[in-house]
Amino acid sequence: MDFSFGTAGEELTGLRMVIALHFLWLFCGHAAEGRVWLERALELNPEPTRERAEALGIIAYALSLTGHAPMIYSYAREAEAVAHSNEDEDLLAHTVFLLGAY
Amino acid sequence: MTGDIEKSLPLFRDALARLEALNGAGSFVLQLYSAIAQAEIWQGQLREGLATASRGLELCEETGEQYARSALLFACSLSRWMLGEYSEAAAGLTEAVRLARSFNDVLGAATWLELLCWTTAAMGRFERAAVLLGVGSKLWQLGGGQPMLGSLLMIDAHETCERNTLEALGPERYQAAFDRGAAAAVEFDHAISYAVGSDAGVAEPRPAAARPGSLSEREYQVAELVAQGLTNKEIALRLVISRRTAESHVVHILDKLGFSSRSQIATWLTARSQRP
Chain A
8 MDFSFGTAGE ELTGLRMVIA LHFLWLFCGH AAEGRVWLER ALELNPEPTR
58 ERAEALGIIA YALSLTGHAP MIYSYAREAE AVAHSNEDED LLAHTVFLLG
108 AY
Chain B
81 MTGDIEKSLP LFRDALARLE ALNGAGSFVL QLYSAIAQAE IWQGQLREGL
131 ATASRGLELC EETGEQYARS ALLFACSLSR WMLGEYSEAA AGLTEAVRLA
181 RSFNDVLGAA TWLELLCWTT AAMGRFERAA VLLGVGSKLW QLGGGQPMLG
231 SLLMIDAHET CERNTLEALG PERYQAAFDR GAAAAVEFDH AISYAVGSDA
281 GVAEPRPAAA RPGSLSEREY QVAELVAQGL TNKEIALRLV ISRRTAESHV
331 VHILDKLGFS SRSQIATWLT ARSQRP
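These protein sequences, in sequence, are chains A and B.
Note that this note's numbering has the first sequence beginning at 8, numbered continuously upward.
Note that this note's numbering has the second sequence beginning at 81, numbered continuously upward.
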């Protein structure tokens, strides 16, 4: 991940790796570390892709666990906007759940 | 989880309807059943929540889904706890915690175990409740998030459980039992084995097979230290005996109880402390 985020053209791969590790970040006791990787991944992948929306959902969840409530809603709203503009119904269902969870 | 549930429920239902319209199946759909059930239950719709969670469990049976099953068992048990059906709740939670272990889901295990604490205290088994509160305190730390997921409803139930247990046992007994649980829970797998034993109990002799009175007082003392996770060397230092003597006590304990591992001693002691 460090390599991907430090190498031009590899940012999306890095983002995908961070997403793939979501269970580790959220449920195995690594929410704080996950947040750091997710923030870095989001910063380097600003395009409104499905991957970005997934990462937004994961970071929102991570923040809900560590108790940084104010940011959660804006992340979830951005994910929802991506789902709408991409007409991605499956993603929309996930973000609706996310909005309900906080 | 911190927000208000009246707003959550329609959004969860909306999400489920959208996924079902897409013919979505799989783990996430079943996790939504659990989210809906929990929201219903916390709102006081106990029977509806139980029905939703039970339907989710049926779907798990059909598909073999295990991860969502642990969350659905929790939802069912939450309802049963509120309905006063404590032994059903405890059985569901024991299975849920073991499932969470199989996925290395520390946060899930911490949450399910939390409800098991409340249930155990509600059953009047305060000694065990205090031990489980000790295990839980460590599990929440290992989970890397806020205790009780920051949920005000859970924090309230936790504090009630703590207060009732403390009142029933008195500060000294409470602290001793709590510390025993916390000491055994330094690491995830051990915490779960200590709290709910291992699956099915196939490989391990049932604790009941051992006669409670069969250990000498000294051996019992050593067994308690083993259960706390101390090494033979540490036990020797603690009891001011030689390391060889400590070793031979442990061997005798294992022989007498018919056990093959130190963790079985911990499980046996927990089971003993549950008996009035």
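Idealized CB from N, CA, C, for every residue including glycine.
Buried/exposed call for residue i, threshold 16 Cβ in 10 Å
{"i": "Q308(B)", "result": "buried"}
{"i": "H1(A)", "result": "Because chain A here runs from 8 to 109, residue 1(A) falls outside it and cannot be looked at."}
{"i": "G204(B)", "result": "exposed"}
{"i": "V266(B)", "result": "exposed"}
{"i": "F12(A)", "result": "buried"}
{"i": "T102(A)", "result": "buried"}
{"i": "H238(B)", "result": "buried"}
{"i": "A97(B)", "result": "exposed"}
{"i": "T14(A)", "result": "exposed"}
{"i": "R324(B)", "result": "exposed"}
{"i": "S341(B)", "result": "exposed"}
{"i": "S322(B)", "result": "exposed"}
{"i": "L22(A)", "result": "buried"}
{"i": "L195(B)", "result": "buried"}
{"i": "L317(B)", "result": "exposed"}
{"i": "G214(B)", "result": "buried"}
{"i": "D236(B)", "result": "exposed"}
{"i": "A27(A)", "result": "exposed"}
{"i": "H37(A)", "result": "buried"}
{"i": "A280(B)", "result": "Its pLDDT being 43, under 50, A280(B) is placed unreliably in this model, and the value from its coordinates should be taken loosely. So A280(B) counts as exposed."}
{"i": "F92(B)", "result": "buried"}
{"i": "G106(B)", "result": "exposed"}
{"i": "A39(A)", "result": "exposed"}
{"i": "Q344(B)", "result": "buried"}
{"i": "T191(B)", "result": "buried"}
{"i": "S81(A)", "result": "exposed"}
{"i": "R298(B)", "result": "exposed"}
Within chain A, the residues that residue i reaches when beta carbons sit closer than 8 Å
{"i": "A95(B)", "result": "A100, H101, V103, F104 and G107"}
{"i": "S88(B)", "result": "G107 and A108"}
{"i": "L229(B)", "result": "S71 and L72"}
Supposed close pair residue i, residue j - CB separation, criterion 8 Å
{"i": "L45(A)", "j": "A62(A)", "result": "6 Å"}
{"i": "L102(B)", "j": "L139(B)", "result": "No, L102(B) and L139(B) are not in contact; Cβ-Cβ is about 16 Å, not under 8 Å."}
{"i": "A115(B)", "j": "F104(A)", "result": "7 Å"}
{"i": "G129(B)", "j": "Q118(B)", "result": "7 Å"}
{"i": "T56(A)", "j": "G225(B)", "result": "Contact flag wrong, Cβ pair sits at about 28 Å."}
{"i": "G64(A)", "j": "A86(A)", "result": "5 Å"}
{"i": "G188(B)", "j": "F10(A)", "result": "32 Å between Cβ atoms; not a contact."}
{"i": "A133(B)", "j": "L112(B)", "result": "Wrong, their Cβ atoms sit about 11 Å apart, outside the cutoff."}
{"i": "L295(B)", "j": "I333(B)", "result": "6 Å"}
{"i": "F268(B)", "j": "V186(B)", "result": "6 Å"}
{"i": "H270(B)", "j": "A264(B)", "result": "6 Å"}
{"i": "T347(B)", "j": "Y274(B)", "result": "7 Å"}
{"i": "A169(B)", "j": "R160(B)", "result": "4 Å"}
{"i": "V302(B)", "j": "V331(B)", "result": "Not really, about 10 Å apart at Cβ, beyond 8 Å."}
Cross-chain neighbours of residue i in chain A, by beta carbon under 9 Å
{"i": "F92(B)", "result": "V103, F104, G107 and A108"}
{"i": "V186(B)", "result": "F34, C35 and G36"}
{"i": "R115(B)", "result": "What sits at residue 115(B) in the sequence shown is Ala, not Arg. Going along chain A in sequence order, the residues near A115(B) (Cβ under 9 Å) are F104, G107 and A108."}
C-beta neighbour in chain E for residue i, strict 8 Å
{"i": "A39(A)", "result": "As a matter of chain content, chain E is missing from the structure shown, whose protein chains are A and B."}
Beta-carbon neighbours of residue i, restricted to chain B and to distances below 9 Å
{"i": "D97(A)", "result": "R98, L99, L102 and G104"}
Amino acids of chain B, ordered along the chain, whose beta-carbon sits closer than 8 Å to that of residue i
{"i": "A73(A)", "result": "The sequence as given places Thr at residue 73(A); Ala does not occur at that position. What T73(A) touches in chain B: G224, G225 and Q226."}
Chain A contact residues for residue i, given Cβ-Cβ distances below 7 Å
{"i": "L112(B)", "result": "F104"}
**Three-pair Cβ contact test at 8 Å for the region 166-182 of chain B versus the region 209-226 of chain B** = no
**Asked** Is there contact here, the region 154-174 of chain B with the region 246-259 of chain B, by at least three beta-carbon pairs under 8 Å?
**Response** Flag = no, the region 154-174 of chain B and the region 246-259 of chain B do not touch.
**Three-pair Cβ contact test at 8 Å for the region 210-218 of chain B versus the region 311-329 of chain B** = no
**Request:** Determine, using beta-carbon pairs with one atom in the region 241-250 of chain B and one in the region 138-153 of chain B, whether at least three such pairs fall under 8 Å.
**Result:** Counting Cβ pairs under 8 Å, fewer than three are found: no touch.
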